[in-house]
Structures are given as structure tokens and as C-alpha cells.
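Below is one structure, written out as C-alpha cells; the observations come after it.
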Amino acid sequence: MSDITISRPELVNRHTDVICSTSIRHILAVRKSALLQIDTLIRQLAEISAMTESIGGKTAPAWAMKQDFRCGCWLMEKPETAMKAITRNLDREIWRDLMQRSGMLSLMDAQARDTWYQSLEYDNFPEISEANILSTFEQLHQNKDEVFERGMINVFRGLSWNYKTNCPCKFGSKIIVNNLVRWDRWGFHLITGQQADRLADLERMLHLFSGKPIPDNRENITIHLDDHIQSVQGKEDYEDEMFSIRYFKKGSAHITFRKPELVDRLNDIIAKHYPGALAM
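Taking the UniProt record's numbering, the leading residue of the sequence shown gets 1, the next gets one more, and so forth.
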């Protein structure tokens, strides 16, 4: 097995090195060792259970589980059944951690992330292997432009036309969104959800247009906006290179684009997906 290291400049995006390197070989070696030891442990526990049962002490579920926590344990099942379930559970957590630590979630829009999380939830994900990791990363890289465009289009489609500021034909200099923040007696809070994800998708596209590094999912606008809201209570304004944002107690936010030339690029994509829209 080759000692393959995944890094953003080589596999993900040549414009930035935000994603930390992750050794696939190390992950696979530790996974293999852990599963072998778990299999051995299950078989040893079965042998011990047979011993204690032979003297009337029952099996492991009787003497190894707390009375309040008898919800079942795969270590006490038959190896062929237990190892299949344990391997899937282990692979699920490895995928979740790998995608987070490698920064690969930065190559997904909100829709793609939802699909990915659902695949983990319903066991619809590939086994952890060198080939599967590489192919997943490569596919994300190859599809990133299409995914980024889709994320931006979903932002546009999600705008409420009840606000006159929001134009149904194009992005203007400012947009208004609902449910980005909430307010209570302790102050403002960023709502983790669809609107925050869409804001990150919009930021990603603007950075791509400007030739700047794509923000890592661990350092994107939602992280900075949340930090700002938590640390600067009483000031309902946020500003960075791309946006000026003013948020309100009713949960809405006015988002002003600070680079008009990039808004034109966004509208070019809208025109591509909705021919004739800008002429309306």
C-alpha cells in the first residue's frame, strides 16, 4: 500500500492549501489493527462467557452490563454478526472525521452536505479503503464547479419575493434573508441551518470568482459571523471583505455585496440557468 497523503494543492484545489494533509495509509493501518483486535476480543469474551455459564454464573450480558444500561452490546454478539455492524459503525465515524479534518466539506454545497449526512445516517456509504477515499475526494474535486453553481442558484431560489429588495430576476446590490439569526433575552444567536449554509455557499462562489482561496468549512463566514454575534452583542452589524450584514430581532438579515463586479458574475450564472431572466 502506498503512503498517500491528501492535500488541497494536489487533489482538492490548486488555489489554496487550507485543507490539512491526511495520511490515508495511517488511517487504514489503524482501522485494520483495531478491527482485528475487536474480533479477538469478541471471541475471547465468548469463551469467558462459556466458562462462567458452566459454573452457573451466566454469560457476559448478565455480569458485564450495568442494570440501567442493558441496551445491548455488539461485543457480546456472534462475531460474524458483530463485526459487520462494528465495521460499519467504525467506517461511518472515520468518514465523518475524515471529511471534517480534511476540509472536503468545503467542496460541498448545502444540498450535497445534506445528502452526505443522510448517507452516513442510513448506511449508504462506501467502505473505508484507499480506493474509496481517493475516488470520493477526486469526484468532489471534479464536480466542485457544478456544485458551487448549484449552491448559488439555491441561494437565489430561496430568496423571499415578499421583500421588494429581492429581485426575482437577478441578484441586486443587497438581498434580504429570513431565519439567519434569533434573538432572546441573552441577545442574538446565529441559527445553524439552511440559511447559514446558503450564506457559506454564496461566500464560496464569490471567493472563486475573485480568485481567492475557497474558505475552509471550519473558517467560513458562518464561523466568523457566529463569533462576531457572540462577542459583540448590542451591535447588529457584521462586515468582511465580501459582505456587509445587518441582522434584526425578527430573524431577518440584510446582506449587502461589497464587490459589485462579483455580483455581475453571479448574475451570469443565473442567466445561464434561467435564460432571459436578466432581460425581464
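By construction, the Cβ of each residue, glycine as well, lies at the ideal position given by its N, Cα and C atoms. For clarity, every value in this text was computed on a predicted model and none was experimentally measured.
**Study point:** CA nearest to the CA of I128, picked from I214, M76 and A29
**Key:** The residue given as residue 128 occupies position 128 in the sequence shown. Scanning I214, M76 and A29 for the CA closest to the CA of I128 turns up A29.
Exercise for review: Provide the residue(s) that pair with L190 in DSSP beta bridges, ordered along the chain.
Suggested key: On the sequence shown, position 190 is the one that residue 190 refers to. Partner(s): V181.
Check your understanding: From the DSSP output, which residues share a beta bridge with F125?
Key -> The residue labelled residue 125 in the question sits at position 125 within the sequence shown. Here F125 is not bridged, per DSSP, to any residue.
Point to revise | Contact set for D123: own chain, Cβ-Cβ below 8 Å, skip 5 residues either direction | key: To locate residue 123, count along the sequence shown from 1; it is residue 123. Excluding sequence neighbours, D123 sits near R88 and R92.
Check your understanding: So, are the CB atoms of N166 and D201 less than 8 Å apart?
Key -> What you label residue 166 is simply residue 166 of the sequence shown in a count that begins at 1. What you label residue 201 is simply residue 201 of the sequence shown in a count that begins at 1. Between N166 and D201, the CB-CB gap reaches or exceeds 8 Å.
**Study point:** Buried/exposed call for E146, threshold 16 Cβ in 10 Å
**Key:** Start at 1 with the first residue of the sequence shown, and residue 146 comes out as number 146. Under this definition E146 is an exposed residue.
Review point. Quick one: complete beta strand (DSSP E) runs, 3+ long, within the stretch 143 to 180?
Key: With a minimum length of 3 residues, the continuous beta strand (DSSP E) runs that stay inside the stretch 143 to 180 are 174 to 177.
Exercise for review: Have a look at I42, D97 and A62 and flag the residue whose alpha-carbon is nearest the alpha-carbon of E77.
Suggested key: Sequence index remark: in the sequence shown, residue 77 carries index 77 (1-based). Of I42, D97 and A62, the smallest CA-CA separation from E77 is found for I42.
Review point. Would the beta-carbon of Q111 fall within 8 Å of that of R150?
Key: Numbered from its first residue, the sequence shown carries residue 111 at position 111. Numbered from its first residue, the sequence shown carries residue 150 at position 150. Yes, the pair counts as a contact, with Cβ atoms nearer than the cut-off.
Check your understanding: Three-state secondary structure (DSSP) at D237?
Key -> The residue given as residue 237 occupies position 237 in the sequence shown. Per DSSP, reduced to three states, the secondary structure at D237 is strand.
Point to revise | Span of the beta strand (DSSP E), counted from its first residue to its last, around S244 | key: In the sequence shown, the residue the question calls residue 244 occupies position 244. Under the DSSP assignment, S244 falls in the beta strand (DSSP E) whose first and last residues are F243 to Y247.
**Study point:** C-alpha distance - W95 paired with L208, whole-angstrom precision
**Key:** On the sequence shown, residue 95 is found 95 positions in, with the first residue counted as 1. On the sequence shown, residue 208 is found 208 positions in, with the first residue counted as 1. Their Cα atoms are separated by approximately 26 Å.
Exercise for review: Would you identify the three-state DSSP class for S21, choosing helix, strand or coil?
Suggested key: The residue labelled residue 21 in the question sits at position 21 within the sequence shown. Unreliable positioning characterises S21 in this predicted model, as indicated by a pLDDT of 45, which lies under 50. The coordinate reading is nonetheless provided below. S21 falls in the coil class under three-state DSSP.
Check your understanding: Can you tell me whether Q44 is buried or exposed, with buried defined as 16 or more other CB within 10 angstroms of its CB?
Key -> Walking along the sequence shown from the start, residue 44 turns up at place 44. With fewer than 16 other beta carbons inside 10 angstroms of its own, Q44 counts as exposed.
Practice item. Could you tell me whether the Cβ of G172 comes closer than 8 Å to any Cβ of chain C? Key: Annotation note: the requested chain C is absent from the structure, which comprises a single protein chain.
Exercise for review: Would you check if the distance between the CB atom of L120 and the CB atom of R113 is smaller than 8 Å?
Suggested key: Residue numbering aside, residue 120 sits at position 120 when the sequence shown is read from its first letter. Residue numbering aside, residue 113 sits at position 113 when the sequence shown is read from its first letter. No, the Cβ-Cβ distance between L120 and R113 is not below 8 Å.
Exercise for review: With a threshold of 16 other CB atoms inside 10 Å of the CB of K84, please say whether the residue is buried or exposed.
Suggested key: As a working note, residue 84 is residue 84 in the sequence shown. The residue is exposed, with fewer than 16 neighbouring Cβ atoms inside 10 Å.
Check your understanding: On the three-state DSSP scale, how would you describe A64?
Key -> Taking the sequence shown and counting its residues from 1, the one referred to as residue 64 is at position 64. When DSSP states are grouped into helix, strand and coil, A64 belongs to the coil group.
Check your understanding: Once you ignore the five residues that flank L206 on each side, which residues in its own chain have a CB closer than 6 Å to its CB?
Key -> Along the sequence shown, read from residue 1 onward, the residue named residue 206 stands at position 206. Contacts found: M242 and L262.
Exercise for review: For the alpha helix (DSSP H) containing T59, list its first residue and its last residue.
Suggested key: As a position in the sequence shown, residue 59 is number 59, starting the count at 1. No residue range can be given for T59, since it is assigned to no alpha helix (DSSP H) and is classified by DSSP as neither H nor E.
**Study point:** Alpha-carbon to alpha-carbon, N143 and H26
**Key:** Stepping through the sequence shown from its first residue, residue 26 is reached at position 26. Stepping through the sequence shown from its first residue, residue 143 is reached at position 143. H26 and N143: Cα-Cα distance of roughly 27 Å.
Exercise for review: Find out if the Cβ-Cβ distance for the pair R182, G251 is shorter than 8 Å.
Suggested key: On the sequence shown, residue 182 is found 182 positions in, with the first residue counted as 1. On the sequence shown, residue 251 is found 251 positions in, with the first residue counted as 1. Yes.
Review point. How many Å lie between F137 and I48 at the Cα?
Key: For the purposes of this step, residue 137 is taken as the residue at position 137 of the sequence shown. For the purposes of this step, residue 48 is taken as the residue at position 48 of the sequence shown. One Cα belongs to F137, the other to I48, and the distance between them is close to 44 Å.
Review point. How would you call H273, buried or exposed, if buried means at least 16 neighbouring beta carbons within 10 angstroms?
Key: As a working mapping, residue 273 is identified with position 273 in the sequence shown. It is exposed - the Cβ of H273 has fewer than 16 other Cβ atoms within 10 Å.
Practice item. Taking 8 Å as the cut-off, decide whether the C-beta atoms of N220 and E203 are in contact. Key: For the purposes of this step, residue 220 is taken as the residue at position 220 of the sequence shown. For the purposes of this step, residue 203 is taken as the residue at position 203 of the sequence shown. Yes.
**Study point:** Boundaries (first-last residue) of the alpha helix (DSSP H) holding I221
**Key:** Translated into the one-based positions of the sequence shown, residue 221 becomes position 221. For I221, the uninterrupted alpha helix (DSSP H) segment begins and ends at I221 to S231.
**Study point:** Inter-residue Cα distance where the pair is S173 and D268
**Key:** Numbered from 1 along the sequence shown, position 173 holds the residue referred to as residue 173. Numbered from 1 along the sequence shown, position 268 holds the residue referred to as residue 268. S173 and D268: Cα-Cα distance of roughly 15 Å.
Exercise for review: Just tell me which of I176, I24, A62 and W161 has its CA closest to the CA of L98.
Suggested key: As a working mapping, residue 98 is identified with position 98 in the sequence shown. Proximity to L98 across I176, I24, A62 and W161 peaks at I24, based on C-alpha coordinates.
Review point. Per DSSP, what kind of secondary structure is I255 in: helix, strand or coil?
Key: Within the sequence shown, the letter at position 255 stands for residue 255. I255: strand per DSSP, three-state reduction.
Practice item. Look up I269 in the DSSP assignment and say whether it is helix, strand or coil. Key: Indexing the sequence shown from 1 puts residue 269 at position 269. I269: helix per DSSP, three-state reduction.
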